[in-house]
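Trainee:
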Amino acid sequence: MSIKSDNWIRRMSENEGMIEPYEASQVRYGANGDRLISYGTSSYGYDVRCANEFKIFTNVHSATVDPKNFSEDSFFDVVADECIIPPNSFALARTIEYFRIPRSVLTICLGKSTYARCGIIVNVTPLEPEWEGHVTLEFSNTTTLPAKIYANEGVAQMLFFESDEVCETSYKDRGGKYQGQKGVTLPKA
Numbered sequence: 137m138s139i140k141s142d143n144w145i146r147r148m149s150e151n152e153g154m155i156e157p158y159e160a161s162q163v164r165y166g167a168n169g170d171r172l173i174s175y176g177t178s179s180y181g182y183d184v185r186c187a188n189e190f191k192i193f194t195n196v197h198s199a200t201v202d203p204k205n206f207s208e209d210s211f212f213d214v215v216a217d218e219c220i221i222p223p224n225s226f227a228l229a230r231t232i233e234y235f236r237i238p239r240s241v242l243t244i245c246l247g248k249s250t251y252a253r254c255g256i257i258v259n260v261t262p263l264e265p266e267w268e269g270h271v272t273l274e275f276s277n278t279t280t281l282p283a284k285i286y287a288n289e290g291v292a293q294m295l296f297f298e299s300d301e302v303c304e305t306s307y308k309d310r311g312g313k314y315q316g317q318k319g320v321t322l323p324k325a
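Following this line, the structure appears as structure tokens:
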């Protein structure tokens, strides 16, 4: 298994549609010259952006969080350029980018250090071979203060690992329940 470089990511995105929309460079500044949290292709990965759709956890209904019987009442929806996550809470969002993972590739997501150094942890499970969709992102605010997430800026880095052999059964073959997801996707039993 080997980690894939910027050249491989570029070829797979431009020729195979692995990442759409795809940014070939590392973007650090907005159209008006303001500094952004970077996104786009890096040396051995791709920094994804967060869309402006958020689901912020709330306990106003005193619901129990149950992955087998999840209630949408546990979240309230926000569409904005910024999201404020309450102390010791979390929010769900999604990537702007839509992914189509090749059959021989496993993709791992890690949070960006800019957020990690503020106590904001990004959690994403691996993107399995032949999975496709918008990636649902979980932001955990581990601090006792409100925390801010910026839409349309970098939030996490995807690392692509290609196997020496193609897997026998892919996520698509299994009919995975999150295949082709669009928007922020809540847990499915």
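Numbering (our numbering), first residue to last: 137 to 325. A virtual CB, placed ideally from N, CA and C, is assigned to each residue, including glycine.
#1: Between residue 239 and residue 313, what straight-line distance do the alpha-carbon atoms span, to the nearest angstrom?
#2: Would you mind listing the beta strand (DSSP E) stretches within the region 278-312 that are 3+ residues and don't spill past its ends, in chain order?
#3: Could you tell me which residues DSSP pairs with residue 178 in its beta bridges?
#4: Taking residue 292 as the reference, give the member of 157, 174, 320 and 150 with the closest Cα.
#5: Given a threshold of 16 other Cβ atoms within 10 Å of its Cβ, counted over all protein chains shown, does residue 234 qualify as buried or as exposed?
#6: In the DSSP assignment, find the unbroken alpha helix (DSSP H) run with residue 251 in it and report its ends.
#7: Tell me whether the region 207-216 and the region 252-271 touch, counting them as touching only if at least three CB pairs, one residue from each stretch, are closer than 8 Å.
#8: Would you kindly work out how many angstroms separate the C-alpha atoms of residue 284 and residue 220, rounded to a whole number?
#9: Should residue 162 and residue 138 be called a contact, given that it needs their Cβ atoms to be closer than 9 Å?
#10: Using beta carbons (cut-off 9 Å, strictly below), is residue 218 in contact with chain D?
#11: With distances taken between CB atoms, is the gap from residue 172 to residue 290 smaller than 9 Å?
Mentor: From the atom records:
#1: A direct Cα-Cα distance of roughly 17 Å separates residue 239 from residue 313.
#2: For the beta strand (DSSP E) assignment, the uninterrupted runs of no fewer than 3 residues enclosed by the region 278-312 are, from N- to C-terminal side, 283-286 and 290-298.
#3: For residue 178, the pairing in a beta bridge is given by DSSP as 181.
#4: Ranking 157, 174, 320 and 150 by Cα distance to residue 292 puts 174 first.
#5: Classification of residue 234: buried, given that the 10 Å Cβ count is 16 or more.
#6: Counting along the chain, residue 251 sits inside the alpha helix (DSSP H) bounded by residues 249-252.
#7: Judged by Cβ distances under 8 Å, the region 207-216 makes no contact with the region 252-271, as fewer than three pairs qualify.
#8: Taking the straight line joining both Cα atoms gives about 5 Å.
#9: No, the pair does not count as a contact, with Cβ atoms beyond the cut-off.
#10: Of the protein chains in this structure there is only one, and it is not chain D.
#11: Against a cut-off of 9 Å, the Cβ pair of residue 290 and residue 172 comes out as a contact.
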